[in-house]
Amino acid sequence: MKNTNDNKPVIITQNGEPRAVLQDPKSYEDMRNAIGLLKLLSQGEEDVRSGQVTAQDEVFAQLENLLRDK
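Position 64, counted from 1, in the sequence shown is what the numbering used here calls 57; the numbers after and before it change by one each time, with no gaps.
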């Protein structure tokens, strides 16, 4: 059995131009997860740039209050 990490995507061309990529399901899922993480990082960076941040101590205090109230 071949390791799925060894699978390379197959590029499908039309008239010599790349038109589609065929890849195994595991690689596709890994790529989607990586893109999702990159989007979260980008959103976080934008929040920092726009000043939408909360101090760590304040976040922990809010969490402690939520847990204590349950």
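We put the beta carbon where it would ideally sit given N, CA and C, even for glycine.
The beta strand (DSSP E) enclosing residue i, as first and last residue numbers
i: Val3; result: Val3 to Gln7
i: Lys13; result: The sequence shown places Ala at residue 13, rather than the Lys named in the question. Start and end: Glu10 to Leu15.
Nearest-angstrom Cα separation, counted from residue j out to residue i
i: Gln45; j: Val52; result: 13 Å
i: Ala48; j: Arg42; result: 15 Å
i: Gln55; j: Lys1; result: 47 Å
i: Ala13; j: Gln7; result: 9 Å
i: Glu10; j: Val3; result: 13 Å
i: Lys19; j: Gly29; result: 15 Å
i: Lys32; j: Asn58; result: 30 Å
i: Tyr21; j: Gly37; result: 25 Å
i: Gln16; j: Leu60; result: 44 Å
i: Asp(-1); j: Met24; result: 15 Å
Outcome for residue i when other beta-carbon atoms lying within 10 angstroms are tallied against a minimum of 16
i: Met(-6); result: Its pLDDT being 47, under 50, Met(-6) is placed unreliably by the model, and the measurement read from it follows with that caveat. Looking at its Cβ environment, which holds fewer than 16 other Cβ atoms inside 10 Å, Met(-6) is exposed.
Limits of the alpha helix (DSSP H) - the one that residue i falls within
i: Ala27; result: Pro18 to Arg42
Where residue i falls: helix, strand or coil (DSSP)
i: Val46; result: coil
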